[in-house]
Structures are given as structure tokens and as C-alpha cells.
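Here the structure comes first, spelled out in C-alpha cells, and everything after it is commentary.
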Amino acid sequence: MKIRPAILIIENEKILTMQYNYGGQDLYNLPGGNLEFGEHLTDALVREMMEEMGIKVSIGELIMVGEVFFAEQKKQTFHFIFEGEITAGTPILNPKETSAINIKWLNINDLKSVNLYPNISEKLLQYLEGNLDNKYIGKIEQQWF
């Protein structure tokens with residue numbers, strides 16, 4: 000089982016994402032990463048943002064928690080999504096620390112039309128509209144790429 004904190008950073012109506020390409024499919028995720036032993040969720044986010052994009056961030060409130068199961072691969076990941084903001088630096092991809100191919104600022108309105116991992120576009124929009132009624136969003140239906 001993996002535990003993956005991620006950060007929602009919004010600037011100028013755009014969401015910071017990292018772009019990947021798997022099997023010819025573009026996939027975007029909220030920046031984040033897996034915990035190292037003994038590491039706190041927010042400390043992992045601060046470390047990952049510096050390693051992968053060279054930015055300093057402040058971590059805000061926990062937005063939501065959900066679970067992704069891939070039965071065939073016997074994989075399970077708990078996703079913790081936090082608010083955040085960049086406090087120093089400009090995101091620049093560090094290929095030594097990530098397999099992402101690009102940093103992409105997605106328009107909020109484009110969330111429904113891209114492959115997002117985890118697949119929380121609807122829940123993010125509910126959150127942004129002030130309509131997310133529970134931080135625990137349960138099982139996230141996720142396509143395997």
C-alpha cells in the first residue's frame with residue numbers, strides 16, 4: 000500500500016500539474032509523491048516540490064482523502080490532497096527526480112477533459128465551488144494506463 004500526498008496549487012485560474020505519457024496517453028497529476036519512512040505528509044510534499052520542481056511551498060488545509068485500487072496489479076494507494084501555494088521559485092522540471100515530461104498549468108475549466116491521476120476532477124470542482132460535503136471521498140475510479 001502506498002500513501003501519496005499531493006498539493007493543489009492554483010494561480011490565475013490555473014492548476015499546477017505534471018504531465019506524463021503512458022502508452023501514448025497524456026496523463027496529468029497534482030504534484031506530490033510517496034512518503035519516505037518516518038516522514039510526515041506535509042514534509043513529503045515540501046521535499047517533493049523542491050526535488051521535482053525546485054520550488055518552495057507552504058502547505059494549507061487538507062482538502063480530501065481518497066483510495067485507488069488496481070486489483071489486477073494488487074496495488075492500493077491512499078491519496079491525501081492539500082491546499083498549497085508557491086512561496087519561492089518557479090516550477091522547472093528536474094528529470095533526475097521525476098519521469099514527468101512537462102509541467103502544465105491546466106485551466107480549471109479543462110479538468111473534465113484531461114486524464115487526471117488520481118481521477119478527482121469532479122471532486123476538485125466541487126471543492127472549488129464550496130460544494131464538497133465530505134473530505135473522505137472514498138474509492139476513486141481510476142483507469143490504468
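Numbering (numbering that gives the first Met the number 0), first residue to last: 0 to 144.
Glycine residues also receive a C-beta, built at the ideal position from the N, C-alpha and C atoms.
Computed from a prediction, not measured in an experiment: that's the story for all the values here.
| Query | Result |
| --- | --- |
| Nearest to residue 33 (by Cα), restricted to the options 109, 78 and 138 | 78 |
| Residue nearest to residue 114 in terms of C-alpha spacing, selected from 26, 2 and 36 | 26 |
| Touching by the beta-carbon criterion (3+ pairs, under 8 Å), the region 36-51 and the region 0-10 | yes |
| DSSP-derived helix/strand/coil call for residue 70 | coil |
| Residue 89 - DSSP class collapsed to helix/strand/coil | coil |
| For residue 56 and residue 84, believed in contact at Cβ under 8 Å, the rounded distance | 7 Å |
| With 16 other Cβ atoms within 10 Å as the buried cut-off, status of residue 138 | exposed |
| Range of the contiguous beta strand (DSSP E) that encloses residue 13 | 13-21 |
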